[in-house]
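Below: the structure, in structure tokens.
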Amino acid sequence: MIRKILITACVGAFFSAPSFAQSCKDADIVLKNGAVYTVDENNPTAEAVAILGNKIIYVGDNIGVERYACGDANIIDLAGKAVYPGLIDAHGHLSGVGFRETTLNLQGINSLAEMLAKVKEYADANPNMAWINGRGWIEKVWPENRFPTRQELDAIVPDRPVYLTRADGHAAVINTVTMNLAKITGKTVAPKGGAINLDENGEPTGMLIDKAKDLVTPLIPPVTREENKEAFRVATERDVRLGWTGFHNAGGTYDDFVQMKELHAEGKLKHRVYDAVRPMLYPEDAEKVYQSSGEIDPGHYVTLRQFKITVDGALGSRGAGFIEPYADYDTYGLVRYNEDDLKPILVRALKTGIQIQIHAIGDAANRMVLNAYEQALNEVPKSQRKVINPRWRIEHAQNVQPEDVDRFIDMDILPSMQPSHAIGDLHFAGQRLGIPRLANAYLWRTFIDKGAIIPGGTDQPVEIGDPRIEFYAAITRKDLDGFSGEGWHPELAVSREEALKMFTIWAATAAFQEDVLGSIEVGKLADFSIFDKDLMTIPPEEIMSSNNVMTIVDGKIVYQK
């Protein structure tokens, strides 16, 4: 009897071994013991994920993932770390991020005196550099609370041209050498959509606003193609360290797109890019996009199907276009184009399937863009459109009249917004506009409550480009020191779930990619951002102490701390 039992046990063991082997399912990466936020309404949280190739093949609990945690799989015990769908920056300037990292970076400067010292140090360290170019300064945090002047730049660099771009990219300060090279005087007429700031004597201060920068930029030695391509590479390296897996590039040239495709082929483009060409600046490039109806990457890594147009400037430099004048300066801001300028582009875009994104910050600029959109959408019926719902966007949408908010909803226009703008601008927006007008500013809650989705971005290098800052700003509507002042309207903040959607599924939807990106679901592309603290539960004041510890793009670990 004992012998019979032993034989039976041996036979059972013999047959169970192949059965176990067959139950081991192929996977390349297994993430387990995590706090997984899927942004999938049917399955909002999980503990584990399995990846094969560039696709998600399992989302569920730790027990279920064990059948994948075998063979050659890279098994990663998250030990409670938080897993989010790959974070997508829905508005930024990729080459600008790269050049900020590789040239004179003036971001984070806390005073005018500190900026001047840094410029002098850079100029002294580079005596053979023909031009001193930098970017990133912003006076709103300076105790001086004013723009620099050319005379102050003359005192530190008297012998070479200097061109320093404000963080928002909508203004620059130059020294006298640059002013003379550009033949700018107190009598120079600024180009349409630009302004040359003058002092009390009618002489240029050195500040050039928006299109007035065009008087100088043609004189600056152009960057080489190799330098531009390297800037893209450097930018994506930085982004994935922070947790970004995708990036909507807000305008450039067609060759920028080609360079990014080259980097991807070389394995040097670390995250996805959804690209745009600027038709007003590069009409020949725009024609290529019209002819192809965009170039959509089947792998959704580098896609070009957008046009980017800028119609006004920024609030800080008083270039944003408003219906009423600024409260602290005799100007309404600057609006570069009108409906007649935009309409031919919009109509042709509808017929060829090109998505449009237009920068509009002031309420006058937003209204004009909505007027142009409405005219084009009415002129081209759905039967004549290549894409029935074109998902047109307004970038920033910072100041919008109540009746125009409803027009966004009625026309399915996407307000593409950047939370960090609010917590920076609100320190001075009351001075620029007056407190009552801030009721129409940064209307995240209003848009969402009326049924809109908000693709969330950073506008880097205008802002730092850190997803933690954006998430914190969206849910608190306070600055990083916890300050919230008069006119900040804390009731317009969003929930944590909505903030996460802004940088995942809503950003993916804005790029026609919601079927493959933006949530953690079986069959979708394997993009993940993994943090050491749970942004969905920790106190807001701890968000900035959290860290991205792993970034996975297209099934590959592209960053690990």
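The working numbering puts the first residue of the sequence shown at 1, with every later residue one more than the last. Where a beta carbon is used, it is the ideal one built from N, C-alpha and C, also for glycine.
- The segment 302-309 makes contact with the segment 347-359; the number of CB pairs closer than 8 angstroms reaches 3 or more.
- Nearest Cα to K386 within the set L535, D481, R348: R348.
- Residues M550 of the same chain have their beta carbon placed closer than 7 angstroms to that of I557, with the five preceding and five following residues left out of the count.
- Rounded to the nearest whole angstrom, the CA to CA distance from R391 to I409 is 12 angstroms.
- Apart from sequence neighbours up to five positions away, the residues of its chain that approach R393 with a beta-carbon distance below 6 angstroms are Q357, L414, S416, ordered along the chain.
- Counting only unbroken stretches of 4 or more residues, the alpha helix (DSSP H) elements lying wholly within the segment 221-282 are 225-242, 254-265, in sequence order.
- Residue environment analysis places G523 among the exposed positions, since fewer than 16 neighbouring C-beta atoms fall within 10 angstroms of its C-beta.
- In the assembly as shown, N440 is a buried residue. Its beta-carbon has 16 or more other beta-carbons within 10 Å.
- Annotated three-state conformation of M417 is strand, per DSSP.
- Going by DSSP, N180 is part of the alpha helix (DSSP H) stretching over 176-181.
- The C-alpha of S95 lies about 45 angstroms from the C-alpha of C24.
- For V405, same chain residues with a beta-carbon under 8 angstroms away, outside a window of 5 residues either side, are L443, T446, F447, K450 in chain order.
- With distances taken between CA atoms, S292 lies nearest to K351 out of L480, K351, P344, Y326.
- Listed in chain order, the non-local C-beta contacts of N33 below 8 angstroms within the same chain comprise E47, A48, N62, D77, L78, A79, G80, local neighbours out to five positions each way being set aside.
- By the 16-neighbour rule on beta-carbons within 10 angstroms, L219 is exposed.
- The Cβ-Cβ distance between N74 and D26 does not fall below 8 angstroms.
- In the displayed model, G96 falls within a helix according to three-state DSSP.
- Pairing E497 with M536, the inter-Cα distance amounts to about 8 angstroms.
- For Y37, the enclosing beta strand (DSSP E) begins and ends at 35-37.
- For A231, the CB contacts under 7 angstroms within the same chain, skipping 5 residues up- and downstream, are S95, G98, F99, T102 in chain order.
- Counting only runs of 3+ residues, the beta strand (DSSP E) found wholly inside the segment 370-429 occupies 393-396, 414-416, in chain order.
- When L433, S529, D534, I543 are compared, the shortest CA-CA separation from G243 is found for S529.
- In the structure shown, the three-state DSSP call for S292 is helix.
- Comparing alpha-carbon positions, the option among D527, Y332, I184 lying closest to I56 turns out to be D527.
- Distances from the alpha-carbon of K288 to those of A314, F257, V223, E139 put F257 closest.
- Note that the C-beta distance between L208 and A172 is below 8 angstroms.
- Residue D412 holds the alpha-carbon nearest to the alpha-carbon of I453 among G202, T188, D412.
- A Cβ-Cβ contact shorter than 8 angstroms links D210 with G193.
- Sequence-distant partners of G294 (beyond 5 residues in either direction) whose C-beta falls short of 7 angstroms from its own C-beta, in its chain, are L304, R305, G353, I354.
- Inclusion of L517 and V39 in the CB contact set at 8 angstroms is not warranted, their separation being larger than that value.
- According to DSSP, S529 shares a beta bridge with Y84, T551.
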